[in-house]
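Here's the structure, in structure tokens; my notes come after.
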Amino acid sequence: GDVILESSVHPVTEGHPLTLHCLYRNTNPSNLRADFYNDGSVVQNQTTGEIIIHKVSKSDEGFYHCKHPERGESPRSWISVRLSDSTPSGGSVGVTVELILVFLFIVLVIIMISMLFYKMKK
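Just so it is clear: in the sequence shown, position 60 is 60 by UniProt numbering, and no numbers are missing.
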């Protein structure tokens, strides 16, 4: 078709900006109007051929396409969002649980050794 959605082929990191361009063959892109869609729902109406999501989140992931009233619509493009490295992933919770279990194990061993010595003294 004549309508093309220019997007990133690589996953976008959460919190980073994402810019999508709606392009048309043999036309100056700065004068164009287009509607942008994510999973079939309108994201932005009558833009100047570009949409910017300033801080991408996982909820922005999905199939995007753009549509021009006369020229039709672009094929759908999948936009993938990956979690940023600074996003807590629950790793610290796992470490806390491990430390508590180790502490309880050590306390249990100390109690068992104390009971053993107490029985030996009797």
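Where is the CB? At the ideal position from N, CA and C, for every residue including glycine.
Quantities reported herein were computed from a predicted structural model and do not represent experimental measurements.
Worksheet item: Do the CB positions of E6 and S84 come within less than 8 Å of each other?
Response: Residue 6 sits at position 6 when you count from the first residue of the sequence shown. Residue 84 sits at position 84 when you count from the first residue of the sequence shown. In this structure, S84 does not lie closer than 8 Å to E6 by Cβ.
Discussion item. Let's test the definition: count the other Cβ atoms within 10 Å of the Cβ of N38 and tell me whether it reaches 16, buried, or not, exposed.
Written reply: In the sequence shown, counting from the first residue as 1, residue 38 sits at position 38. Burial call: buried.
Practice prompt. Identify which residue in I4, P11 and V107 has its Cα closest to the Cα of S57.
Written response: As a position in the sequence shown, residue 57 is number 57, starting the count at 1. Measuring from the Cα of S57, the nearest candidate turns out to be P11.
Item to complete: Spell out the partners DSSP gives D35 in its beta bridges.
Response: Looking up residue 35 in the sequence shown gives position 35. D35 is bridged to K67.
Practice prompt. Report yes or no: do the stretch 16 to 23 and the stretch 61 to 80 share at least 3 C-beta pairs separated by less than 8 Å?
Written response: yes
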